[in-house]
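There are 2 protein chains.
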Amino acid sequence: MEEILLIDDDVELCSMLADYLGRYGFHVSAVHRGDTGLKEAVKKQYALILLDVMLPGLDGFEVLKRIRGASSVNILLLTARGEDVDRIVGLEIGADDYLPKPFNPRELLARMRAILRRSSGAEATLEPTLLRADGLELNTAARTVSQNGKRIELTDVEFALLESLLHSPGKVVTREELAEKVLGREFHPFDRSLDMHISRLRRKLSGSGTEDDLVKTVRGTGYQLAVHSGASTPKD
Amino acid sequence: MEEILLIDDDVELCSMLADYLGRYGFHVSAVHRGDTGLKEAVKKQYALILLDVMLPGLDGFEVLKRIRGASSVNILLLTARGEDVDRIVGLEIGADDYLPKPFNPRELLARMRAILRRSSGAEATLEPTLLRADGLELNTAARTVSQNGKRIELTDVEFALLESLLHSPGKVVTREELAEKVLGREFHPFDRSLDMHISRLRRKLSGSGTEDDLVKTVRGTGYQLAVHSGASTPKD
DNA sequence: TCCTACTGTGACCATTTGTTACATTTTGCT
DNA sequence: AGCAAAATGTAACAAATGGTCACAGTAGGA
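For the protein sequence lines, the chains are A and B, in the order given.
Residue numbers for the first sequence follow my numbering, beginning at 1 and rising by one.
Residue numbers for the second sequence follow my numbering, beginning at 237 and rising by one.
Structure representation (structure tokens):
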């Protein structure tokens, strides 16, 4: 059931829409003031917000702007009586679409679906690419790494290295594999640069006092990310 | 070569625009009266009609209405006075877009292209195409960008650059790709202009203090737009 | 015409990455 | 155990890569 927030001071319209949209699989929460609407909009994660322009408490445009400052939730603007100026400004401020009042509920439904279709498609690119193990967290989308909540700055090679290790925590990753994935070239027995990068990575990760070292060497084979706490991401 | 019909009584403006647009691959036919404009509009199939509102012979709105009666050709309205009334009425009658005079030829070009793009594609609505991530919002229809609700002014190259990155937030885009899409040429290893544009773009985006920089460098490969607040990753 | 904004280029600098050399550890052998 | 060879760790330096300043060229607008 998709959660919809309806911000409109017309109580009767609200209940009518809640009823209508309810029949099509939407759950509508309605508030009738701009300020409370804004609060609600940022508090909860709605699939879509229907926002009227003429509002008591806080103007609809203002609400729109402030929501946009905090979130990229879908917003469909409802403009009071044919005021097309509103449409224009609304679109430029960042509404996903607009609908002039009075509107046909059917058309509203169609537009809502269009917006949701678009955004669900786009969402596929926003995969939550988090790799975790043992207090380590690597976010490939944000390209950040933190250890026990503390941010760690890594260079690109170090990042790729940790990413490869974190892909299968506890498993040994061969030098050959690492060379290919991290350095993008074949491994040569006398190439020491991998060792260097491991060394640098270790220095940046805390708990590098010989024992408890997160990155363990497997002599003759490769490296492995030590896993102490059982909580990890089963990826294979 | 796209055929454009320009209906405007300002002869000088007409020749200036014909010249300007000609340089961008449009062929502009100009007429200076409403009635002759109407005739021309229905006689031939134009890709787009630029229609001034204040016209001798026949009022611009009237022309618009009558053209619409016979054809669904693209129409961009040029409003003489900045009076919003014009805009409103124009859109309600059925113009695809409007542009208040005096306008920047560049903006006209951008809007013309937007209309043509829309009409050649499937949709013919006024829906904006919004690309978002992490407080950033890029509106390809209005050609605007804002960050956390605040408008940001970008040059064409910067806009194209951000657009390319925003197409796949959190993913690395190679230099080769960017060079082709943004600069329209092949990437040459010693070409530093991409770097410059990235640099300039970063400066305009807030949060450019090394860390949490929205535009991340992936050494040896390209760039990536960092996504921190994945809309799909609720922390609780 | 001048003025302005945008784009591209060369130069210079900081950071990252690779290499060499040497220290240290491990392993195998006697 | 003692020793040598092999593997790994790391410091120091060199090379590559990217960031940005400053300037030049260009195009558009006044």
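Idealized CB from N, CA, C, for every residue including glycine.
{"Asked": "As assigned by DSSP and simplified to three states, the class of ASP8 (chain A)", "Found": "coil"}
{"Asked": "Cutoff 7 Å: ASP156 (chain A) Cβ touching any chain B Cβ", "Found": "yes"}
{"Asked": "SER72 (chain A) burial status per 10 Å Cβ neighbour count (16 or more: buried)", "Found": "buried"}
{"Asked": "Simplified DSSP state of ASP97 (chain A), which is helix, strand or coil", "Found": "strand"}
{"Asked": "Inter-residue spacing [alpha-carbon to alpha-carbon] between ASP19 (chain A) and MET112 (chain A)", "Found": "15 Å"}
{"Asked": "Three-pair Cβ contact test at 8 Å for the segment 136-143 of chain A versus the segment 154-172 of chain A", "Found": "yes"}
{"Asked": "Runs of alpha helix (DSSP H) lying entirely within the segment 41-78 of chain A, each at least 4 residues, in chain order", "Found": "60-70"}
{"Asked": "Candidates B:ALA462, B:HIS464, B:ASP333, B:ILE311: closest to LEU274 (chain B) by CA position", "Found": "B:ILE311"}
{"Asked": "Proximal chain B residues relative to LYS101 (chain A), where beta-carbon distance stays under 7 Å", "Found": "None at all; the shortest Cβ gap to chain B is about 14 Å."}
{"Asked": "Beta-carbon spacing of PHE187 (chain A), GLU176 (chain A) below 7 Å", "Found": "yes"}
{"Asked": "Closer than 7 Å to chain B by CB, LYS65 (chain A)", "Found": "yes"}
{"Asked": "Beta-carbon gap between LEU161 (chain A) and VAL145 (chain A) smaller than 7 Å", "Found": "no"}
{"Asked": "Delimiting residues of the beta strand (DSSP E) encompassing VAL215 (chain A)", "Found": "215-218"}
{"Asked": "C-beta neighbour in chain B for ARG143 (chain A), strict 7 Å", "Found": "yes"}
{"Asked": "Helix, strand or coil at HIS263 (chain B) according to DSSP, with G and I counted as helix", "Found": "strand"}
{"Asked": "Pair within 7 Å by beta-carbon distance, VAL264 (chain B) and ILE303 (chain B)", "Found": "no"}
{"Asked": "CB contact below 7 Å: GLU389 (chain B) versus chain A", "Found": "no"}
{"Asked": "Cα-Cα separation between ASP96 (chain A) and LEU48 (chain A), rounded to whole angstroms", "Found": "10 Å"}
{"Asked": "Coil, strand or helix - LEU463 (chain B) by DSSP", "Found": "Here residue 463 (chain B) turns out to be Val, not Leu, going by the sequence shown. It is coil, neither helix nor strand."}
{"Asked": "CA-to-CA distance, LEU225 (chain A) to ARG200 (chain A), given in whole angstroms", "Found": "15 Å"}
{"Asked": "Backbone CA spacing between MET290 (chain B) and THR315 (chain B) [nearest angstrom]", "Found": "8 Å"}
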